[in-house]
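Trainee: Have a look at the structure that comes next, please.
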Ligand code: SF4
């Protein structure tokens, strides 16, 4: 039997075209994983369902029990967004919910809570934000959510093999950018779009994230990371909606990933996770950094939100606590 492994979108689509038992990206991911690990598809799916549970817990923790981190850079915004229910809202109900959830997961990460890296801890809010908001607002089944997660994994596999998830190598395009592509494909799959359209939505999402700087203030995975995830999930949804409308990327997914690598090679080290450029070195960024690492830790950042005993997520960008 020929191999079911794929490391490019072209190969993924070829496998789906050649095998009668593969109709979706989720099918192809399951087949590849089964071939690689000998685990049965039911076991793999059950494992994904466990991750969904961890994601829900991460949302719940910060949405229902908000707290500022010790740095005071983040905390409480998921609840704030949840309680923001004006008569006119720029966001649709599903997008509004997704932004709350993305904020919540990232606030939990900033408090060193348990999250699922997707693909990294610094970009952990986007995939769960999109999938779980879609499930709740559009009444999707748990199986559809697992399919979404498997689809996002398929996009991740291709990027992992051809580019990077490392902000130190590729800036935030490699984290939040990749996550928007994974989420966009997942949401497209959950609403029943073809594998081609799922990959197209991933292309649309990733293209618009090329060159995104990694410039965390004080080296903490809080600012701009937390809010960037919330806007990232809205970005993923816009890309998925455009793909559903039949709008196509002029550049196919594999070439967008290649372009991401090219941009990474041209990015200055100052905006690749060193906190030596971008927002980190603005006057405010410097003042905050000095405050956090100086004597007055956490006393002047948020005048109306005193710090709590929650730790901050320094250097947790790439690794999940899950
Ligand atoms: S640490 Fe850098 S790459 Fe990670 S989310 Fe924050 S800005 Fe993006």
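In our numbering, the protein residues as written are 158 to 479.
Ideal Cβ placement from N, Cα and C applies to all residues, glycine included.
Quick one: what does DSSP say residue 225 is sitting in, helix, strand or coil?
Mentor: In this structure, residue 225 counts as coil in the three-state DSSP scheme.
Trainee: Locate the alpha helix (DSSP H) running through residue 260, then write down its first and last residues.
Mentor: Residues 250-267.
Trainee: Let me make sure I understand the geometry here. Which of 227, 437 and 254 has the alpha-carbon closest to that of residue 235?
Mentor: It is 254.
Trainee: Looking at C-beta atoms only, is the number of pairs between the stretch 368-383 and the stretch 422-439 that lie closer than 8 angstroms three or more?
Mentor: Flag = yes, the stretch 368-383 and the stretch 422-439 touch.
Trainee: Any idea what DSSP makes of residue 385, helix, strand or coil?
Mentor: Residue state, collapsed to three classes: helix.
Trainee: By the three-class DSSP mapping on this structure, what secondary structure does residue 307 have?
Mentor: In this structure, residue 307 counts as helix in the three-state DSSP scheme.
Trainee: According to the Cβ coordinates, are residue 211 and residue 284 closer than 8 angstroms?
Mentor: Not a contact, by the Cβ cut-off of 8 angstroms.
Trainee: Take residue 344 as the anchor and find which of 264, 286 and 443 has the nearest alpha-carbon.
Mentor: Nearest C-alpha to residue 344: 286.
Trainee: If you count every other CB in all the chains shown that lies within 10 Å of the CB of residue 231, and 16 or more means buried, which is it?
Mentor: Result: buried.
Trainee: Contact between the stretch 330-338 and the stretch 273-282 is defined here as three or more beta-carbon pairs at a separation below 8 angstroms; is this criterion met?
Mentor: Contact between the stretch 330-338 and the stretch 273-282 is present, because at least three Cβ pairs lie under 8 angstroms.
Trainee: Any idea if residue 196 is buried or exposed, counting beta-carbon neighbours within 10 angstroms, 16 or more meaning buried?
Mentor: Residue 196 is exposed by the Cβ-count criterion.
Trainee: Write down the C-beta distance between residue 319 and residue 164 rounded to the nearest angstrom, noting that I regard them as a contact closer than 8 angstroms.
Mentor: Yes, residue 319 and residue 164 are in contact; Cβ-Cβ is about 7 angstroms, under 8 angstroms.
Trainee: With DSSP collapsed to three states, give me the class of residue 458.
Mentor: Because residue 458 carries a pLDDT of 44, less than 50, the predicted location of this residue cannot be relied on, and the following value inherits that uncertainty. In the structure shown, residue 458 sits in coil (DSSP, three-state: anything other than H, G, I, E or B).
Trainee: Can you give me the start and stop residues for the alpha helix (DSSP H) that residue 327 sits inside?
Mentor: Run containing residue 327: 324-327, per the alpha helix (DSSP H) assignment.
Trainee: With DSSP as the reference, label residue 179 as helix, strand or coil.
Mentor: In this structure, residue 179 counts as coil in the three-state DSSP scheme.
Trainee: Just the C-alpha distance for residue 237 and residue 297, rounded to the nearest angstrom, thanks.
Mentor: In a straight line, the C-alpha of residue 237 is about 26 angstroms away from that of residue 297.
Trainee: DSSP state of residue 161, grouped into three classes?
Mentor: Of the three classes helix, strand and coil, the one that applies to residue 161 here is coil, per DSSP.
Trainee: Pair every Cβ in the stretch 347-361 with every Cβ in the stretch 244-263, then say whether three or more of these pairs are closer than 8 angstroms.
Mentor: No: fewer than three Cβ pairs fall under 8 angstroms.
Trainee: CB-CB under 8 angstroms to residue 169, same chain, minus the five flanking residues each way: which ones, in chain order?
Mentor: For residue 169, where only same-chain residues beyond five positions count, the Cβ hits under 8 angstroms are 163, 182, 185, 311, 315, 352 and 356.
Trainee: Could you give the first and the last residue of the continuous alpha helix (DSSP H) run that contains residue 238?
Mentor: Unbroken alpha helix (DSSP H) run through residue 238: 234-240.
Trainee: Just confirm the distance between the C-beta atoms of residue 378 and residue 267, as a whole number of angstroms; I'd bet it's less than 8 angstroms.
Mentor: The pair is a contact, with the Cβ atoms about 6 angstroms apart (cut-off 8 angstroms).
Trainee: Suppose contacts are defined by Cβ-Cβ distances below 8 angstroms. Is residue 303 in contact with residue 206 by that definition?
Mentor: Yes, these two residues count as a Cβ contact at 8 angstroms.
Trainee: Use the C-beta contact count for residue 241: other C-beta atoms within 10 angstroms, 16 or more gives buried, fewer gives exposed.
Mentor: With fewer than 16 Cβ atoms within 10 Å of its Cβ, residue 241 is classed as exposed.
Trainee: Does the beta-carbon of residue 199 have 16 or more other beta-carbons within 10 angstroms, so that it is buried, or is it exposed?
Mentor: It is exposed - the Cβ of residue 199 has fewer than 16 other Cβ atoms within 10 Å.
Trainee: Would you give the residue range spanned by the alpha helix (DSSP H) that residue 418 belongs to?
Mentor: Taken as a continuous stretch (DSSP letters only), the alpha helix (DSSP H) holding residue 418 covers 410-423.
Trainee: Are the beta-carbon atoms of residue 337 and residue 392 separated by less than 8 angstroms?
Mentor: Against a cut-off of 8 angstroms, the Cβ pair of residue 392 and residue 337 comes out as a contact.
Trainee: Following a CB-centred definition, is residue 378 positioned closer than 7 angstroms to any heavy atom of the ligand SF4?
Mentor: Result yes, Cβ under 7 angstroms from the ligand SF4.
Trainee: Please find out if some non-hydrogen atom of the ligand SF4 comes closer than 7 angstroms to the beta-carbon of residue 442.
Mentor: Every heavy atom of the ligand SF4 is 7 angstroms or more from the Cβ of residue 442, so no.
Trainee: At what residues does the alpha helix (DSSP H) containing residue 292 begin and finish?
Mentor: Element bounds for residue 292: 283-295.
Trainee: Excluding the five sequence neighbours on either side, which residues of its own chain have a C-beta within less than 7 angstroms of the C-beta of residue 243, listed in chain order?
Mentor: Excluding sequence neighbours, residue 243 sits near nothing in its chain.
Trainee: How about residue 261 and residue 201: are their beta carbons less than 8 angstroms apart?
Mentor: No. Outside cutoff.
Trainee: Would residue 309 and residue 361 qualify as a contact pair, given that the criterion is a beta-carbon distance under 8 angstroms?
Mentor: In this structure, residue 361 does not lie closer than 8 angstroms to residue 309 by Cβ.
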